[in-house]
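Q: Structure provided below as structure tokens; questions to follow.
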Amino acid sequence: MSRLLVIEDDATIGDTLRSALTANGYDVRLAVTGRSGLNVARIHAPELVLLDLGLPDLDGFSVCRDLRALLPSTVIVLLTARGDPLDIVSGLESGADDYLVKPFVVVELLARIRAHLRRAGSASGDGDGLRQTVEIGSLTVDAGARRVYVGGQEVELRAKEFDLLSRLASEPSVAIRREDLMADVWDTNWFGSTKTLDVHVAALRQRLRGAAEAAGPDATSALPEITTLRGHGYRMDLPPAKPHASR
Ligand code: CA
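Below, the structure written as structure tokens:
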């Protein structure tokens, strides 16, 4: 039974969510403040958190960041009354994987939760035992273990960053359309998808570059690039061939 945590101060929404989710077979905890949400998260270690951004005690984005730090592989779905794209980008940058704008339809929420958990479950290796490691230059993506290395050093990635990297690395040098990346990594095309994809690519580039720099000049020069294809999508490019060793 998947463990879910709902952090929502609105009693009507909180109760509705709790009963709908419980009726669908989830083990649900409800917290009505950011602080209690973080405490419950610590004890309960939920696989997925529904987080209302407008909480009475703490800023929703900071709760999101703390949750992410606490539970690196937990799926965080924001519930926001604000449809402001900037809020959504801030939310995703704070570590959220997805969001729903209120008022949302419960069946849609349930479908999203199922998709996220299915993905997280198959990714955690209890699926068909698929174990595939891809090496591109100094980058190694171990899909079976969900681990990424640059120059032999492990890089910590968030769940969606890993999924995105894994998808790009599965077809190096091939242009992949935005719609296909969205469908493969997020299961759906939701409002704001364009920004979400770009935010995740930017974060991924930054993390990989940072890791390569930490690992040394050889790792940096052999790091593949995620190339933006305007109006189309992205492509993972092999690192340029190195000139003959000069030492
Ligand atoms: Ca609220």
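Be aware that the sequence shown starts at 65, since it is given in our numbering, and climbs by one per residue.
Yeah, the Cβ is synthetic: ideal placement off N, Cα and C, and Gly gets one too.
(1) Per DSSP, which one or two residues make a beta bridge with T291?
(2) Whole angstroms is fine: what's the gap from S154's alpha carbon to S126's?
(3) Report yes if the CB atom of P288 is closer than 8 angstroms to the CB atom of D301, and no otherwise.
(4) At 4 residues or longer, what runs of the alpha helix (DSSP H) sit wholly inside the region 239-282?
(5) Specify, as a first and last residue, the run of the beta strand (DSSP E) that R93 falls within.
(6) By Cβ distance below 8 angstroms, which residues in the same chain neighbour R99 in space, the five residues on each side in sequence not counted?
(7) If you scan the region 143-214 from start to end, which runs of the alpha helix (DSSP H) of 4 or more residues do you find wholly inside it?
(8) Assign A109 to one of two classes, buried (16 or more other C-beta atoms within 10 Å of its C-beta) or exposed (fewer than that).
(9) Is it buried or exposed, G193, if we count other Cβ atoms within 10 angstroms and call 16 or more buried?
(10) With burial defined as no fewer than 16 other Cβ atoms inside 10 Å of the residue's Cβ, what is the status of T86: buried or exposed?
(11) Leaving aside the five residues before and after E111 along the sequence, list all residues of the same chain whose C-beta is less than 8 angstroms from its C-beta, in chain order.
(12) Is L232 helix, strand or coil when you go by DSSP?
(13) Taking the straight line between their C-alpha atoms, what separation do you get for L268 and T260?
(14) Please tell me whether V214 and V205 are closer than 8 angstroms, where the distance is taken between their beta carbons.
(15) For a quick check, are the C-beta atoms of D73 and V96 less than 8 angstroms apart?
(16) Drop a sphere of 10 angstroms on the beta-carbon of H264, count the other beta-carbons inside from all chains shown, and report buried for 16 or more, exposed for fewer.
(17) Please name the residue, chosen from R82, A133, A179, that lies closest to S158 on a Cα-to-Cα basis.
(18) Please classify K117: does DSSP put it in a helix, a strand, or coil?
(19) For R67, name the three-state secondary structure that DSSP assigns.
(20) Quick one: Cα of L131 to Cα of V198, how far?
(21) Determine, using beta carbons only, whether L114 comes closer than 8 angstroms to chain D.
(22) For G295, count the other beta carbons within 10 Å of its own beta carbon; 16 or more makes it buried, fewer makes it exposed. Which is it?
A: On the basis of the supplied data:
(1) Per DSSP, the beta-bridge partners of T291 are R299.
(2) 10 angstroms
(3) yes
(4) 242-250, 257-279
(5) 91-95
(6) D121, L122
(7) 149-157, 170-185
(8) exposed
(9) Confidence is the limiting factor: at G193 the pLDDT is only 37, short of 50, which leaves the residue's position unreliable, though a coordinate-based value still follows. So G193 counts as exposed.
(10) exposed
(11) S66, R67, L68, T138, V139, L181, A184
(12) helix
(13) 12 angstroms
(14) no
(15) Yes, they are a contact pair.
(16) Burial check for H264: the Cβ neighbour count within 10 Å reaches 16 or more, so the residue is buried.
(17) Ranked by how close their Cα comes to the Cα of S158, the residues R82, A133, A179 have A133 in first place.
(18) Just to set this straight, residue 117 is Leu in the shown sequence, not Lys. L117 falls in the coil class under three-state DSSP.
(19) strand
(20) 30 angstroms
(21) The structure shown contains no chain D; it holds only a single protein chain.
(22) exposed
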